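To keep things clear, I will list the structure first and then write my remarks on it.
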């Protein structure tokens, strides 16, 4: 678990917003999902982050050189050694800013047609966290829950480590967490999730990267790259039929009521 957390948050627990033990446990659950083959969807951002990104840049301060290149943000996915972190482990930007005491992660899974969701919610008064997985679009039939006790997995003694750069000793019982999630909220989720249509494997990577949200659902998997090849002939045939009907009606009106019908 420590190795996975170091890949997901290379700067250590200090990079978790607010040093929140609940967010740390949610991040550990995310690592279990990734280890099971999930790929984080990065196409959505919380409203606050999207609004911040849409704001115009602040004017340069007095004395600033307008010719100087803009400052670049420090890279987020860099290991302490300087080597790039594995791209599949880090959670989406803003993962801890969407809701209070709730953390939501969205994934694509190989061979599955729908987005899969991990939702962790914490009741601070009791220290209980509800881990909830579901299949988007099929929430009523394919959703699974697991209850966790926060102090068991992020012990109170680890509070002093939450501001550091190392993950050692921060999360306990990682193997037990992974085993319970696999049995109760991952395996049944994948078993019940809708499969991609046959022959859609070549497009699975684009779907996982969020490209599927720009396609026309199941029609995108039809031969010919979508339903357009079937829609166009239908439109043309309909237009031709309407033109023939209009021509016949106009001819009858010109011929008068007593003209024979062909």
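In the working numbering, the protein residues as written are 383 to 644.
No residue lacks a Cβ here, since even glycine has one placed at the ideal position from N, Cα and C.
The structure displayed is predicted, hence computed values, not measured ones.
Cβ separation of residue i and residue j, assumed to be a contact under 8 Å, to the nearest whole Å
i           : j           : result
residue 413 : residue 471 : 7 Å
residue 401 : residue 545 : 6 Å
residue 422 : residue 481 : Not confirmed; about 17 Å, so no contact.
residue 533 : residue 509 : 5 Å
residue 518 : residue 576 : That belief does not hold up - the Cβ atoms of residue 518 and residue 576 are roughly 10 Å apart, past 8 Å.
residue 489 : residue 415 : 6 Å
Residue nearest to residue i in terms of C-alpha spacing, selected from the options
i           : options            : result
residue 386 : 527, 573, 553      : 553
residue 551 : 561, 538, 563      : 538
residue 580 : 522, 481, 492      : 492
residue 499 : 510, 483, 521      : 521
residue 478 : 497, 504, 469, 526 : 504
residue 563 : 574, 549, 512, 523 : 512
residue 485 : 390, 405, 507      : 405
residue 523 : 420, 573, 390      : 573
residue 469 : 540, 497, 392      : 392
residue 394 : 540, 558, 549, 569 : 549
residue 420 : 542, 507, 497      : 497
residue 569 : 528, 384, 507, 383 : 528
First and last residue of the uninterrupted alpha helix (DSSP H) at residue i
i           : result
residue 560 : 556 to 563
residue 571 : 569 to 574
residue 404 : 403 to 417
residue 423 : Note, residue 423: premise wrong, no alpha helix (DSSP H); not H, not E.
residue 388 : 384 to 390
Proximity of residue i and residue j at Cβ, strictly below 7 Å
i           : j           : result
residue 536 : residue 403 : yes
residue 578 : residue 515 : no
residue 396 : residue 547 : yes
residue 418 : residue 502 : no
residue 474 : residue 424 : yes
residue 567 : residue 525 : no
Where in the region 488 to 548 do unbroken runs of the beta strand (DSSP E), each at least 3 residues long, occur, reported from the N-terminal end onward? 498 to 505, 510 to 517, 525 to 531
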